[in-house]
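For the record, the sequence lines run as chains Y and F.
Quick note, the first sequence lines up with residues 122 to 577 if you use our numbering.
Quick note, the second sequence lines up with residues 7 to 79 if you use our numbering.
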Amino acid sequence: MAVFSKVVVANRGAVAARVLRALNALGVHSLAVYSDADRGAPWLGMASETAHIGGSPARESYLNQEAILEAARHAHADALHPGYGFLSENAGFAARVEECGLRFIGPSPRWIDAMGHKTRARVLAGEHGLPVGHGSGVLPAEPDAILRAAEAIGYPVLVKPAAGGGGIGMLPARTPEQLLAAVERAASMAERGFASREVYLERLVDRPRHVEIQLLGDRHGRVAHVFERDCSVQRRHQKILEEAAAPNLAREAIDPLLERVAATFGRLGYDNLGTVEMLLAPDGEFRFLEMNTRLQVEHGVTEEVTGIDLVAAQVRSAAGAPLTEVLPDAPRLRGHAIQARVYAEDPKRFLPSPGRLVEFEPPVARGIRVDTGYAAGREVTPHYDPLVAKVIAHGASRAEAIDRLVDALASFRISGIKHNIPALVAILDSGEFRAGDVHTGLAAEVVARAAPQPVT
Amino acid sequence: MATIEVQSVVTGSVWKIEAAVGQRLEPGDVIMILESMKMEIPVIAEDGGTLRELRVAEGVPVTEGQVVAVVEE
């Protein structure tokens, strides 16, 4: 069946390149939009057409709804892919796209809205029988009420923005004194990042794992899962290593949960690609964290381990293709895949390090895939996030995938910026990671061990 | 009386200035908050002192190593 005639790619960098690759594979025309800073960017050459939409700061370009919609109208596009980040989880924008007569390639706006607010999403998940951890609703302003909410959950707690995501504005508090300061600071960060001061509390779980479930729904009431990913290795609450399947987890321990989550969202009518993020506590209990109603940065490990083109599947599903066509056979796991996120940052202090890429030669090797939006000579600007490349290794076993990833990272030639490859290799090579003993504190532990002198 | 030139640790821009010239700073007080690649990076008066000079304004770009403020201990 016909998919779309022309799709706007409303994003930049590695995800723009990835979506364009899928559109080209489907034989669909594309319009890539770009900012001043991205003039001449490598992925623009993959698009059928390009349009300049504004200045380098994201609010003037990739967050500029008017400019994007104007470019879409001018090009007579009939669909828009938001990628991840930027406007991908903005329900108001999704609704405007549809009002302009274009299909928004993602779930219905009502789903973006329902899952975008974290405490409402927790309530919804709980009402439908999914396990949800201890937490509060949106915190009131009165200090006494905030302290009571934390006491009801039990310290330590984590303060989180209700409208948030991406690990921004998440602060731990171990005592009542820390709590009020953390709430104030998190609310301020939330206001700036998400235009909402609403924050809530969750019980802070010590050394948890972060396990997420990939769902794919169609517009005909069916939802399937495409297995899970383990994204426990994080810095500043942001993922740096992701793998499929989750290590040291028996299929019998997770398969029933995958089926249950897919069935739940199928009943509720979830209608496109989405990811349910869960926390796995050391006691083996899974707890619903949040749902991301978009393509994930780490979708590639699922693609490598199942052989499914998730982006093409997402586009076809948005165009109305039923799941029976998009996923005719039940997905199967083949070997193991791990992704490393290469960031332009200081590997010890995790501070951003923009600059010009003097050398940039991604590795080419068996079992290695690199998703990037950069090339030698391009500028990594302070305007956008610091991800410069995703290196994905696939192997017959987890050990083989680790070996391939370590070799690939070691041969990645990058100069002109500081980057986190030394930290990634140290973590991949650690005894804990090789043993599959992953948790959200592992990255910080390995980096601290590698550089015992604190930076002053 | 030592004067300390406080440098930016990143390339980015000044998001918000939190302290005023002449203000007494305790060790660890935030002078300003920088922004780069979607991150906020506070510039801190490590040892405290008096803020003598602000060499940047909100919204201006800064480079790594640039002196953004002067503190007198």
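Even glycine gets a Cβ: it sits at the ideal position worked out from N, Cα and C.
These figures come from a predicted structure and were not determined experimentally.
Identify whether residue i lies in helix, strand or coil by the three-state DSSP scheme.
i        : result
His420/Y : helix
Asp506/Y : coil
Thr17/F  : coil
Asn595/Y : Residue 595/Y is absent from the structure shown; chain Y starts at 122 and stops at 577.
His150/Y : strand
Met38/F  : strand
Ile267/Y : helix
Ser209/Y : coil
Glu364/Y : strand
Pro449/Y : coil
Glu70/F  : coil
Asp327/Y : coil
Lys469/Y : coil
Arg180/Y : helix
Arg462/Y : strand
Thr577/Y : Because Thr577/Y sits at a pLDDT of 39, beneath the cut-off of 50, its placement in the model cannot be relied upon, and the point is left open.
Gly247/Y : helix
Ala51/F  : strand
Asn413/Y : strand
Phe214/Y : helix
Gly166/Y : helix
Gly84/Y  : Nothing about residue 84/Y can be reported from this structure: the residues present for chain Y run from 122 to 577 only.
His195/Y : helix
Ala158/Y : helix
For residue i, which residues of its own chain have a beta-carbon under 7 Å away from its beta-carbon, when the five flanking residues on both sides are left out?
i        : result
His238/Y : Ala283 and Ala284
Val124/Y : Leu147, Val149, Val436, Arg437 and Ala440
Ala212/Y : Pro230, Ile233, Asp234 and Gly237
Gly65/F  : Ser19 and Val20
Tyr205/Y : Val136, Arg415, Leu416, Gln417 and Val418
Trp164/Y : Ala137, Ala138, Leu141, Ala153 and Gly494
Gly488/Y : Ala514, His515, Gly516 and Arg525
Can you give me the C-alpha to C-alpha distance between residue i and residue j, rounded to a whole angstrom?
i        : j        : result
Pro543/Y : Glu170/Y : 38 Å
Met399/Y : Arg453/Y : 21 Å
Arg555/Y : Asp524/Y : 10 Å
Gly71/F  : Leu508/Y : 22 Å
Thr577/Y : Ala51/F  : With a pLDDT of 39 at Thr577/Y, under the threshold of 50, the modelled position of that residue is not reliable, and the figure given next carries that caveat. In a straight line, the C-alpha of Thr577/Y is about 12 Å away from that of Ala51/F.
Leu300/Y : Val397/Y : 28 Å
Met45/F  : Asp450/Y : 42 Å
His346/Y : Thr414/Y : 14 Å
Glu219/Y : Thr445/Y : 25 Å
Met310/Y : Ala433/Y : 35 Å
Asp558/Y : Ala192/Y : 48 Å
Glu482/Y : Gln186/Y : 35 Å
Arg350/Y : Glu78/F  : 51 Å
Ser84/Y  : Ala162/Y : For chain Y, the structure presents residues 122 to 577; residue 84/Y sits outside this window and is missing.
Arg519/Y : Asp53/F  : 48 Å
Val501/Y : Gln29/F  : 36 Å
Leu370/Y : Glu248/Y : 27 Å
Pro575/Y : Ala564/Y : At Pro575/Y, the pLDDT of 47 sits below 50, so the modelled position is not reliable and the matter cannot be decided from this model.
Tyr183/Y : Gly175/Y : 8 Å
Ala63/F  : His504/Y : 18 Å
Glu323/Y : Asp404/Y : 17 Å
Ala188/Y : Arg133/Y : 15 Å
Ala522/Y : Ile459/Y : 6 Å
What whole-angstrom Cβ distance do residue i and residue j have, given they're in contact under 8 Å?
i        : j        : result
Ile37/F  : Ala8/F   : The pair is not a contact, with the Cβ atoms about 17 Å apart (cut-off 8 Å).
Phe386/Y : Ala365/Y : Contact flag wrong, Cβ pair sits at about 19 Å.
Arg80/F  : Val73/F  : With chain F represented from 7 up to 79, any question about residue 80/F goes unanswered, as that position is not in the structure.
Ser536/Y : Glu480/Y : 4 Å
Met43/F  : Asp506/Y : 6 Å
Ala143/Y : Asp430/Y : 6 Å
Gly288/Y : Arg357/Y : 6 Å
Ala307/Y : Val320/Y : 5 Å
For residue i, which residues in the same chain have their Cβ closer than 6 Å to its Cβ, ignoring the five residues on either side in sequence?
i        : result
Ala547/Y : Val567 and Ala571
Val129/Y : Leu152, Ala193, Ala198 and Leu201
Val382/Y : Ile334 and Val397
What is the residue span of the beta strand (DSSP E) that residue i lies within?
i        : result
Lys44/F  : That residue, Lys44/F, is in no beta strand (DSSP E); it is neither H nor E in DSSP.
Ser309/Y : Segment Pro297 to Phe315 is the alpha helix (DSSP H) holding Ser309/Y; no beta strand (DSSP E) there.
Thr396/Y : Leu394 to Leu401
Leu279/Y : Val278 to Pro282
In the DSSP assignment, the alpha helix (DSSP H) including residue i goes from what residue to what residue?
i        : result
Phe386/Y : Arg372 to Leu389
Gly55/F  : No alpha helix (DSSP H) holds Gly55/F; the beta strand (DSSP E) holding it covers Gly55 to Leu60.
Asp528/Y : Arg519 to Ala531
Thr171/Y : Note, Thr171/Y: premise wrong, no alpha helix (DSSP H); beta strand (DSSP E) at Glu170 to Gly175.
Gln435/Y : Leu431 to Ala439
Val568/Y : Leu563 to Ala571
Short of 8 Å in beta carbon distance, which residues of its chain neighbour residue i, apart from the five on each side in sequence? Order them along the chain.
i        : result
Tyr391/Y : Pro228, Trp232, Leu336, Gly338 and Val344
Arg160/Y : His173
Leu478/Y : Tyr495, Ala496, Ala497, Gly498, Arg499, Glu500, Val501, Val509, Ile535, Ser536, Gly537 and Ile538
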